[in-house]
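Down below is the structure, laid out as structure tokens.
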DNA sequence: TCACTCGTTGTTAGCGTTAACACGACTTGA
DNA sequence: TCAAGTCGTGTTAACGCTAACAACGAGTGA
């Protein structure tokens with residue numbers, strides 16, 4: 149298969165010689181140029197096949213100034229959300245004919261984002277998707293002089309970049325309205341870290357739903373997305389006798405909340421109802437199975453590539469914003485409030 | 149910042165002109181060539197800074213025939229294990245000065261692996277890490293005529309490729325021995341899909357530990373890593389009155405098992421003890437917190453890059469195999485067996 | 001018949017870098 | 001003092017591809 153050791157890989161000129169044409173004709177065949185006689189084309193293709201020739205994309209990139217590589221900058225791809233988004237991005241990019249080069253950041257300070265973009269720019273990527281869920285990252289992106297077409301995922305409002313995101317506010321609303329509709333007087337909230345845009349959006353949705361129903365919004369408890377922080381919030385909540393419904397900003401923290409409630413003998417959903425966010429694969433098997441809000445990460449990834457490719461290939465200039473709606477998933481962690489609590 | 153619109157990016161010749169030297173001298177400065185007068189070097193650096201020059205890595209790759217890009221082929225990076233491994237790989241590669249290009253496969257048939265490698269080869273990667281946890285993928289890899297230096301993660305024995313993996317057999321042993329040491333008569337097993345090498349290794353470790361203790365190995369129940377399949381296995385186990393200890397091949401399935409036991413009124417660890425595998429971030433907050441085996445995915449990722457870079461830069465030819473030991477994590481899902489069961 | 005167009009192919013000139021070699025100015029040692 | 005290094009630098013030629021243009025024969029309309 150063209151790997152006879154010690155021989156150098158065939159180049160276009162070798163194919164040309166084999167087919168008895170010029171290397172430019174080979175190039176034309178490879179690039180589907182219309183003006184090539186079909187007989188010639190066949191001869192070239194046969195030579196390509198015989199020699200096991202593969203076009204050198206680096207040389208091609210040098211002359212065309214396009215590498216057909218997209219960069220992805222993301223924060224901790226170990227987390228379910230980012231991992232799923234990046235997965236969606238990668239699938240979409242590949243099927244659009246682009247390679248994907250990834251940088252995943254431990255901490256997402258503005259300098260980190262800047263460095264990552266420089267790094268990718270050096271590599272010669274044609275465009276970049278930045279998964280920038282923190283406000284600071286989004287701001288950094290907005291302030292940067294962007295030499296390369298860029299799309300932000302969950303990237304806030306500012307700046308010139310296009311943004312694709314899940315409607316977090318709607319998600320927070322959905323969760324809260326569900327609990328209110330079951331008859332709960334009010335809904336408590338365990339939020340994500342305050343500099344995360346997603347956390348902010350969910351808080352806003354929760355607050356809006358309460359306000360609309362004319363209910364008082366209790367002080368939210370702040371977590372950091374980890375089950376551990378949910379557990380701590382859960383211990384606090386278990387001590388308060390007037391809590392009957394909690395909207396937790398992600399499923400992992402909800403797991404911690406459930407754990408704390410179990411330990412304290414608070415029954416879910418008997419005494420307290422709990423709603424999570426994300427719909428991770430595990431949440432259907434929590435005890436009890438978790439009612440939650442699902443985000444279509446895959447769609448987010450796909451859309452971000454669509455937007456980017458539109459800009460790259462059709463030369464679209466105006467900035468786009470695309471919002472993916474979340475979905476409500478009813479399971480067993482929510483019920484009507486208890487009679488006498 | 150060198151981004152004055154409408155002007156083309158500066159190239160080496162521009163820097164050379166600015167500094168009053170030849171472009172080759174600029175190249176020497178950039179590549180830390182020793183024979184450059186320090187005064188000249190300073191002048192060049194100043195010109196680089198003034199023009200905001202950045203070296204074109206594509207042109208460089210064309211002439212050096214090395215792209216400083218590594219490819220990663222992985223199966224479903226949405227799963228915690230692969231995601232963490234890929235994360236470790238990416239970090240290690242970047243700090244070794246390599247870019248990382250990712251292909252994540254939905255299904256990992258041999259043709260898929262082959263295509264992914266071809267695809268990356270076209271892009272001009274210098275080396276590849278294949279996360280190949282299925283036997284079929286490992287076999288495909290072993291059979292392939294590998295034009296590019298390749299390292300397999302969890303890749304089995306065959307072929308010429310170097311392999312980095314976690315010692316799954318030791319993990320299975322650890323889990324089983326722990327349960328036996330608590331006084332359980334025997335240990336049941338919920339395994340992963342049979343074509344996964346990891347599943348196979350865990351089964352082998354479990355079987356070996358039982359054999360060594362002179363116990364009968366019950367028929368293992370086969371799952372597919374999902375909480376759902378664990379739940380189903382759990383329902384079967386709950387019905388059998390002689391089960392007091394279960395080793396589940398991953399934490400997600402263990403979650404399903406716990407859920408089934410809870411539903412059937414089987415108390416954990418009161419009546420049945422459960423051990424998982426992986427130590428995902430959630431498992432400390434399961435009900436009860438899960439005793440499990442932790443795998444250092446990060447170390448696996450790092451080692452795979454070390455092996456690859458050794459081959460790339462020091463020209464090492466012999467194939468290496470590196471095994472990372474798993475660790476036992478005791479939590480609250482295991483206890484002595486009940487008296488009269 | 002001639003001028004013109006069109007389809008097909010070849011020739012030449014880059015893209016921006018590094019490698020290889022050439023060359024003069026110094027040093028060094030006999 | 002001269003042959004033989006070193007050092008610092010410049011010149012030229014690739015790397016493998018595409019873009020731009022040139023060339024040529026065949027068809028077309030006047």
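Protein chains in written order, with this note's numbering: chain B, 149 to 489; chain D, 149 to 489.
Even glycine gets a Cβ: it sits at the ideal position worked out from N, Cα and C.
Quick one: grab the DSSP three-state call for residue i.
| i | result |
| --- | --- |
| residue 337 of chain D | strand |
| residue 373 of chain B | coil |
| residue 350 of chain B | helix |
| residue 157 of chain B | coil |
| residue 249 of chain D | strand |
| residue 275 of chain D | strand |
| residue 391 of chain B | coil |
| residue 475 of chain B | strand |
| residue 239 of chain B | helix |
| residue 282 of chain D | strand |
Can you find a CB in chain B that lies within less than 7 Å of the CB of residue i?
| i | result |
| --- | --- |
| residue 409 of chain D | no |
| residue 389 of chain D | no |
| residue 470 of chain D | no |
| residue 231 of chain D | yes |
| residue 247 of chain D | yes |
| residue 201 of chain D | no |
| residue 154 of chain D | For residue 154 of chain D, the predicted model reports a pLDDT of 47, less than 50, meaning its position is unreliable and no value from the coordinates is stated. |
| residue 238 of chain D | yes |
| residue 206 of chain D | yes |
| residue 243 of chain D | no |
| residue 435 of chain D | yes |
For residue i, decide whether its Cβ has a neighbour in chain D, counting only Cβ atoms nearer than 7 Å.
| i | result |
| --- | --- |
| residue 383 of chain B | no |
| residue 404 of chain B | yes |
| residue 298 of chain B | no |
| residue 272 of chain B | yes |
| residue 250 of chain B | yes |
| residue 454 of chain B | no |
| residue 225 of chain B | yes |
| residue 209 of chain B | yes |
| residue 375 of chain B | yes |
| residue 187 of chain B | no |
| residue 430 of chain B | yes |
| residue 481 of chain B | no |
Less than 8 Å between the CB atoms is what I'm expecting for residue i and residue j, so what's the real figure, rounded?
| i | j | result |
| --- | --- | --- |
| residue 416 of chain D | residue 422 of chain D | 6 Å |
| residue 486 of chain B | residue 443 of chain B | Not confirmed; about 31 Å, so no contact. |
| residue 252 of chain B | residue 235 of chain D | 6 Å |
| residue 206 of chain D | residue 369 of chain B | Contact doesn't hold; Cβ gap of about 51 Å is too wide. |
| residue 188 of chain D | residue 169 of chain D | 6 Å |
| residue 311 of chain B | residue 265 of chain B | About 16 Å; that fails the 8 Å criterion. |
| residue 231 of chain D | residue 226 of chain B | 5 Å |
| residue 478 of chain D | residue 425 of chain D | Residue 478 of chain D to residue 425 of chain D, Cβ: 14 Å. No contact. |
| residue 395 of chain D | residue 327 of chain D | 7 Å |
| residue 218 of chain B | residue 263 of chain B | Incorrect: roughly 18 Å between the Cβ atoms, too far for contact. |
| residue 291 of chain B | residue 341 of chain B | Going by Cβ atoms, the distance from residue 291 of chain B to residue 341 of chain B rounds to 21 Å, so no, they are not a contact pair. |
Would you say residue i touches the ligand PLP, meaning its beta carbon is less than 6 Å from a heavy atom?
| i | result |
| --- | --- |
| residue 157 of chain B | Among the ligands in the structure shown, none appear at all, so the ligand PLP cannot be discussed. |
(Q) Which complete alpha helix (DSSP H) runs does the stretch 292–329 of chain D hold, if anything under 4 residues is left out? (A) 316–329
Q | Entirely enclosed beta strand (DSSP E) segments - the stretch 169–230 of chain D, minimum 3 residues | A | For the stretch 169–230 of chain D, the continuous beta strand (DSSP E) assignments of 3+ residues that do not extend past its boundaries occur at 217–223, in sequence order.
Q: Output the residue ranges of the beta strand (DSSP E) runs that lie fully inside the stretch 396–473 of chain D and measure 3 residues or longer, sorted by chain position.
A: 421–423, 440–442 and 469–472
Q | Touch test, the stretch 312–331 of chain B against the stretch 371–386 of chain B, Cβ-Cβ under 8 Å, three pairs minimum | A | no
(Q) Check whether the stretch 344–351 of chain D and the stretch 281–290 of chain D are in contact - that is, three or more C-beta pairs closer than 8 Å. (A) With the cut-off at 8 Å, the stretch 344–351 of chain D and the stretch 281–290 of chain D touch.
Q) Is the number of C-beta pairs between the stretch 393–408 of chain B and the stretch 429–438 of chain B that are closer than 8 Å three or more? A) yes
**Q.** the stretch 291–305 of chain B in contact with the stretch 448–467 of chain B per 3-pair CB rule at 8 Å
**A.** yes
Q. With contact counted as at least three CB pairs below 8 Å, one residue from each stretch, are the stretch 465–473 of chain D and the stretch 242–261 of chain D in contact?
A. no
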